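Asker: Residue numbers (the numbering used here): 65 to 388. Have a look at the structure that comes next, please.
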Amino acid sequence: MDLPGPLRSAADLGRATISDWLEDRAPRLGAALAFYAILSLAPFLVIAVGIVGIVYGDSAVGEVEAQFTALVGADAGRAIAEIASRSGGPTGGWIASAIGLATLLFGASGVFGELQDAMNTIWEVKPRPDRGWLGVLRDRFFSFTMVLGTGFLLLVSLVLSAALAALGTWAQSVLPGSEALWGVVHAVFSFGLVALLFALIYQVVPDAEIAWRDAFVGGAVTAVLFVAGKLAIGLYLGQSTVASAYGAAGTLLVLLVWIYYSAQILFLGAEFTQVYANRRGAGIAPARGAVPTGETTRAEARPRGPRPKGAPAHPHGIRQGSTP
């Protein structure tokens, strides 16, 4: 039976997305990202709690727990709160504090570097091998700014959620019976925030250029997958014995499982965004300082090792700056 046009088009996009997801070995990419995320989690939470503490003071850990619980579910949220409460920030004099802060930033940035590499694999781009030390430093600086930016985004989300809750309380006092309406408003706000976060990831993280419209479409689809996946992952963790079977390591394992399956959702959304942009949108092009995967640059084509006796010093025997 032939499907109607829109359904056939959606089915084609879905098949291409799954095919690319399997071809890029997304499960392996997710395992690597989960490992780096676990290593980066403690220093990242120290930075996030410090940023949130600018506004919320001593209750910062509780606010971070509430925000992450709403995002990732109760089990993973409690695990994150436990890690945050046990992690300490830099102590000592200002020199020790500066060194400690730099160490925290370096540790927390590892997951963003791995995320960028995975997104480059999915979108079939790679940094130029001949970019030099400046390119490496630029990538590390980008990871640092992603850590701080994520912390401030968390703070903005907390402030907006608090403002929305206060507005809902006021509206209920003026208009009794509006609880259901404000529940819908809060759900729409949360969904929009998650979709915006994914769109920003697709726009900023890879070494590629994509139109904002295509990034927002991909972010919205990924947000739908994420909301459905969060319920499924929460159900799995609630019914499984992962936490209890491994004793003290159970908390860490719960987080590892959650991050791994969430990474699969993120990568599936990234594959869809890539397929959609190339088939229906403005396409995806390598950013400045990047090339498509499979393209050979001069640095890669240059012969390695000692030059055979009698071989020309330059490719094809042509010296740079000369004419044949």
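We treat Cβ as the ideally placed atom computed from N, Cα and C, and that holds for glycine. Keep in mind the model is a prediction, meaning the values are calculated, not measured.
Less than 8 Å between C-beta atoms, sequence neighbours within five positions excluded: which residues of the same chain meet that for Arg-277?
Answerer: The count along the sequence shown starts at 1 and reaches residue 277 at position 213. Excluding positions up to five away in sequence, the list reads Gly-345, Ala-346.
Asker: Please return the same chain residues whose Cβ sits closer than 6 Å to the Cβ of Leu-132, not counting the five positions on each side in sequence.
Answerer: Position 68 of the sequence shown holds residue 132. The sequence shown places Phe at residue 132, rather than the Leu named in the question. So the list reads Gly-141, Ile-144, once near-sequence residues are dropped.
Asker: Pairing CB atoms from the region 334-354 with CB atoms from the region 100-113, are three or more of them under 8 Å?
Answerer: As far as the Cβ criterion goes, the region 334-354 does not touch the region 100-113, which means the pair count is below three.
Asker: Whole angstroms is fine: what's the gap from Tyr-126's alpha carbon to Ala-263's?
Answerer: Residue 126 sits at position 62 when you count from the first residue of the sequence shown. Residue 263 sits at position 199 when you count from the first residue of the sequence shown. The sequence given here places Gly at residue 126; Tyr does not occur at that position. Looking at the two C-alpha atoms, the distance is approximately 28 Å.
Asker: Output the distance between the C-alpha atoms of Val-258 and Pro-193, rounded to the nearest integer angstrom.
Answerer: Reading the sequence shown from its first residue, position 194 is the one you call residue 258. Reading the sequence shown from its first residue, position 129 is the one you call residue 193. For Val-258 and Pro-193, the distance between alpha carbons rounds to 34 Å.
Asker: Within a Cβ cutoff of 7 Å, which residues of the same chain sit near Ala-130, ignoring the five residues on either side of it in sequence?
Answerer: Locating residue 130 in the sequence shown gives position 66, where the first residue counts as 1. Excluding positions up to five away in sequence, the list is empty.
Asker: Measure the Cβ-Cβ separation of Asp-271 and Gln-180 and say whether it is below 9 Å.
Answerer: The sequence position of residue 271 within the sequence shown is 207, counting from 1. The sequence position of residue 180 within the sequence shown is 116, counting from 1. Against a cut-off of 9 Å, the Cβ pair of Gln-180 and Asp-271 comes out as a contact.
Asker: Using the three-state DSSP reduction, which class does Glu-243 fall into: helix, strand or coil?
Answerer: As a position in the sequence shown, residue 243 is number 179, starting the count at 1. Three-state DSSP puts Glu-243 in a helix.
Asker: What does the alpha-carbon distance come out to for the pair Ser-83 and Phe-336?
Answerer: As a first step, residue 83 is located in the sequence shown; it is residue number 19 there, counting from the start. As a first step, residue 336 is located in the sequence shown; it is residue number 272 there, counting from the start. So the alpha carbons of these two residues sit roughly 10 Å apart.
Asker: Could you spell out where the alpha helix (DSSP H) holding Val-113 opens and where it closes?
Answerer: In the sequence shown, residue 113 corresponds to position 49, counting from 1. Val-113 -> alpha helix (DSSP H) spans 90-120.
Asker: For Ala-74, which residues in the same chain have their Cβ closer than 8 Å to its Cβ, ignoring the five residues on either side in sequence?
Answerer: As a first step, residue 74 must be located in the sequence shown, where it is residue number 10. Excluding positions up to five away in sequence, the list is empty.
Asker: Check whether the Cβ atoms of Gln-328 and Glu-188 lie closer than 9 Å to each other.
Answerer: As a working mapping, residue 328 is identified with position 264 in the sequence shown. As a working mapping, residue 188 is identified with position 124 in the sequence shown. Their beta carbons are not under 9 Å apart, which means Gln-328 does not touch Glu-188 by this criterion.
Asker: Using only CA atoms, which one of Ala-112, Ala-284, Ile-297 lies nearest to Ala-334?
Answerer: Residue numbering aside, residue 334 sits at position 270 when the sequence shown is read from its first letter. Ranking the options by Cα distance to Ala-334, first place goes to Ala-284.
Asker: Quick check: the region 314-327 against the region 237-255, are at least 3 beta-carbon pairs closer than 8 Å?
Answerer: Not touching, per the Cβ criterion.
Asker: Any idea if Ser-326 is buried or exposed, counting beta-carbon neighbours within 10 angstroms, 16 or more meaning buried?
Answerer: Taking the sequence shown and counting its residues from 1, one reaches residue 326 at position 262. By the neighbour-count rule (16 or more Cβ atoms within 10 Å), Ser-326 is buried.
Asker: DSSP beta-bridge partners for Ala-75?
Answerer: Locating residue 75 in the sequence shown gives position 11, counting from the first residue. In DSSP, Ala-75 forms no bridge with anything.
Asker: Can you grab the Cα-Cα spacing for the pair Glu-146 / Val-128, in whole Å?
Answerer: Residue mapping note: residue 146 aligns to position 82 of the sequence shown, counting from 1. Residue mapping note: residue 128 aligns to position 64 of the sequence shown, counting from 1. Glu-146 and Val-128: Cα-Cα distance of roughly 11 Å.
Asker: Excluding the 5 residues flanking Phe-331 on each side, which residues of the same chain have their C-beta closer than 8 Å to its C-beta?
Answerer: Numbered from its first residue, the sequence shown carries residue 331 at position 267. Trp-85, Asp-88, Ala-90, Leu-93, Gly-94, Ala-182, Ile-186.
Asker: Using the three-state DSSP reduction, which class does Ala-230 fall into: helix, strand or coil?
Answerer: One-based indexing of the sequence shown puts residue 230 at position 166. Three-state DSSP puts Ala-230 in a helix.
Asker: Could you give the first and the last residue of the continuous beta strand (DSSP E) run that contains Val-355?
Answerer: In the sequence shown, the residue the question calls residue 355 occupies position 291. Per DSSP, Val-355 belongs to the beta strand (DSSP E) from 354-356.
Asker: So, is Ile-118 buried or exposed, given that buried needs 16 or more other C-beta atoms within 10 angstroms?
Answerer: Here residue 118 is taken as the residue at index 54 of the sequence shown, counted from 1. With fewer than 16 Cβ atoms within 10 Å of its Cβ, Ile-118 is classed as exposed.
Asker: So, using beta-carbon positions, are Val-113 and Phe-176 closer together than 9 Å?
Answerer: By 1-based counting over the sequence shown, the position of residue 113 is 49. By 1-based counting over the sequence shown, the position of residue 176 is 112. Contact: no.
Asker: Does DSSP put Pro-193 in a helix, in a strand, or in coil?
Answerer: For this step, residue 193 is matched to residue 129 along the sequence shown. Looking at Pro-193 - three-state DSSP - the assignment turns out to be coil, as it is neither helix nor strand.
Asker: Tell me which residues share the same chain as Phe-253 and place their Cβ nearer than 7 Å to its Cβ, disregarding the 5 neighbours each side in the sequence.
Answerer: Residue mapping note: residue 253 aligns to position 189 of the sequence shown, counting from 1. Leu-228.
Asker: Over what stretch of residues does the beta strand (DSSP E) that includes Ala-327 continue unbroken?
Answerer: Position 263 of the sequence shown, counted from the first residue, corresponds to residue 327. Taken as a continuous stretch (DSSP letters only), Ala-327 belongs to no beta strand (DSSP E), being part of the alpha helix (DSSP H) at 314-343.
Asker: Ordered along the chain, which non-local residues of its own chain (more than five positions away) have a Cβ less than 7 Å from that of Tyr-324?
Answerer: For the purposes of this step, residue 324 is identified with residue 260 of the sequence shown, where counting begins at 1. Only Gly-94, Ala-95, Ala-98 meet the Cβ criterion.
Asker: Look at Pro-70 and Lys-190 and say whether their C-beta atoms are less than 9 Å apart.
Answerer: Counting from 1 along the sequence shown, the entry for residue 70 is found at position 6. Counting from 1 along the sequence shown, the entry for residue 190 is found at position 126. Not in contact: Pro-70 and Lys-190 (Cβ atoms no closer than 9 Å).
Asker: By the three-class DSSP mapping on this structure, what secondary structure does Pro-350 have?
Answerer: As a working mapping, residue 350 is identified with position 286 in the sequence shown. Strand at Pro-350.
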